[in-house]
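*Asks:* So for the sequence shown, my numbering puts the first residue at 2; every next one is plus one.
Backbone N, C-alpha and C fix where the C-beta goes; we use that ideal spot for every residue, glycine too.
So that we are looking at the same thing, I have put the structure below in structure tokens.
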Amino acid sequence: MPELPEVETIANGVNERVRGARIMSVWTSGKPQTFKSPEVEIEEVLTGATIDRVRRVGKTIVLTLERDADGGAPPVPAEFLVHLGMTGRLLVAEGDVPLPPHTHAVLALEDGREVRFVDPRRFGRLSVVREAYLGPGAEPTTIGVEDFATLFKGRKLAIKAALLNQSLLHGVGNIYADESLFRAGIRPTRQAGRLTRAELARLREALRSVLQRAIKLGGSSVSDYVDAEGMRGYFQIEHKVYGHGGEPCTVCGTPIKKIVVGGRGTHYCPRCQR
2 MPELPEVETI ANGVNERVRG ARIMSVWTSG KPQTFKSPEV EIEEVLTGAT
52 IDRVRRVGKT IVLTLERDAD GGAPPVPAEF LVHLGMTGRL LVAEGDVPLP
102 PHTHAVLALE DGREVRFVDP RRFGRLSVVR EAYLGPGAEP TTIGVEDFAT
152 LFKGRKLAIK AALLNQSLLH GVGNIYADES LFRAGIRPTR QAGRLTRAEL
202 ARLREALRSV LQRAIKLGGS SVSDYVDAEG MRGYFQIEHK VYGHGGEPCT
252 VCGTPIKKIV VGGRGTHYCP RCQR
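Following this line, the structure appears as structure tokens:
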């Protein structure tokens, strides 16, 4: 599933290409599971609106919409939410380029280009809201040290599971939780509420550093992820533990272990992480 860096990369790429563009028409596939809002509502809200900006909130891509005062609905503000799920893609293409299989929504722009949502497994979700979308948890790239520590105070669950709890920190997923815990030297099974203030400060810094580096490299392409132009990311070549079970640690040579924490495959170094 695309995580924060991948969603950020896509949102930034779409924003660069379509900010200020007007949506002339909307097509949806009618397939089940894809739409959280009724398709007719999505069409009404988007058609005739101008895309003011595209941003990321957690793992959600948010298109903020504007409409002339005399243009009728939607009321301001209105936002179109795209959650990519496991295999979703949000692409910007010329209108004469054939639609990829499994396309479930097409926003036709005034200049002839299209914004296309493609999702083979249909775990992604499309919806509209009539207010600014803020997301369920704190933003991990900007959260302060004290607020970060407060999130985990008294929590008995494993720190890996806590990092994946979207109501605490939105956007962090399996890859970046593993990579951040490795760089912070913290074992993923440690109880979140028992980490010291120094350990939490180290984890916060490692998490921010990993996420920022991954964004710079366009995310991690370990499955279906591509950016708004269909290009793969490169951060996977810098993974230290994720996907390296049984291989020697790049720091100490100890074989990387793979276990399950909170129902998720988890990779760590038994020597470097304590």
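For GLY113, collect the residues of the same chain with a Cβ closer than 6 angstroms to its Cβ; drop the 5 residues on either side in sequence, then sort them by chain order.
*Replies:* GLY96
*Asks:* Buried or exposed: ARG275, going by 16 or more other Cβ atoms within 10 Å of its Cβ?
*Replies:* exposed
*Asks:* Nearest to PRO3 by alpha carbon, out of LYS161, VAL83, ARG156?
*Replies:* VAL83
*Asks:* Between VAL19 and LEU127, is the Cβ-Cβ spacing less than 9 angstroms?
*Replies:* Taking 9 angstroms as the cut-off, the beta carbon of VAL19 is found no closer than this to the beta carbon of LEU127.
*Asks:* What are the complete beta strand (DSSP E) segments, minimum 3 residues, inside the segment 59 to 136?
*Replies:* 61 to 67, 79 to 84, 90 to 95, 104 to 110, 114 to 119, 126 to 130
*Asks:* Smallest Cα separation from SER210: which of GLN192, TYR243, SER181, TYR226?
*Replies:* Of GLN192, TYR243, SER181, TYR226, the smallest CA-CA separation from SER210 is found for SER181.
*Asks:* Would a C-beta distance cut-off of 9 angstroms place LYS157 and ALA199 closer than the cut-off?
*Replies:* no
*Asks:* Ignore the nearest five residues each way along the sequence and tell me which others in ARG265's own chain have a CB closer than 7 angstroms to its CB.
*Replies:* LEU165, ASN175
*Asks:* What number of angstroms, rounded off, separates the C-alpha of LYS259 from the C-alpha of HIS268?
*Replies:* Straight-line measurement puts the Cα of HIS268 at about 5 angstroms from the Cα of LYS259.
*Asks:* If you draw a straight line from the alpha carbon of THR104 to that of TRP28, how long is it in whole angstroms?
*Replies:* 10 angstroms
*Asks:* So if DSSP puts ILE52 in a beta bridge, which residue, or which two residues, is it bridged to?
*Replies:* ILE52 has LEU66 as its beta-bridge partners, per DSSP.
*Asks:* How far does the alpha helix (DSSP H) with THR151 in it reach, from first residue to last?
*Replies:* Counting along the chain, the alpha helix (DSSP H) containing THR151 begins and ends at 146 to 153.
*Asks:* Once the 5 residues before and after ARG214 are set aside, which same chain residues still bring their CB inside 8 angstroms of it?
*Replies:* Cβ contact annotation for ARG214 (same chain, cutoff 8 angstroms, sequence separation greater than five): PHE236, GLU239, in chain order.
*Asks:* Rounding to the nearest angstrom, what Cα-Cα distance links PRO256 and LEU5 in this structure?
*Replies:* 28 angstroms
*Asks:* Straight-line CA distance for GLY49 to GLY231?
*Replies:* Distance from the CA of GLY49 to the CA of GLY231, rounded to the nearest whole angstrom, comes to 27 angstroms.
*Asks:* What first and last residue would you give for the beta strand (DSSP E) that runs through ARG276?
*Replies:* With the chain covering only 2 through 275, there is no way to say anything about residue 276.
*Asks:* Output yes or no for whether 9 angstroms exceeds the beta carbon distance between PRO78 and ALA133.
*Replies:* yes
*Asks:* Going residue by residue through the segment 4 to 52, where are the continuous alpha helix (DSSP H) segments of at least 4 residues, counting only ones entirely within it?
*Replies:* 5 to 19, 40 to 47
*Asks:* Sort LEU108, PRO271, ALA163, CYS270 by Cα distance to PHE153 and report the nearest one.
*Replies:* ALA163
*Asks:* Quick one: Cα of VAL252 to Cα of LEU66, how far?
*Replies:* 48 angstroms
*Asks:* Identify which residue in GLU80, ASP120, THR61 has its Cα closest to the Cα of GLY138.
*Replies:* Just measuring C-alpha positions, the residue of GLU80, ASP120, THR61 sitting nearest GLY138 is THR61.
*Asks:* Just checking my contact of VAL129 with PHE81 at CB under 8 angstroms: how many whole Å lie between their CB atoms?
*Replies:* 5 angstroms
*Asks:* Tell me, which residues are paired with ALA159 by DSSP?
*Replies:* GLN192
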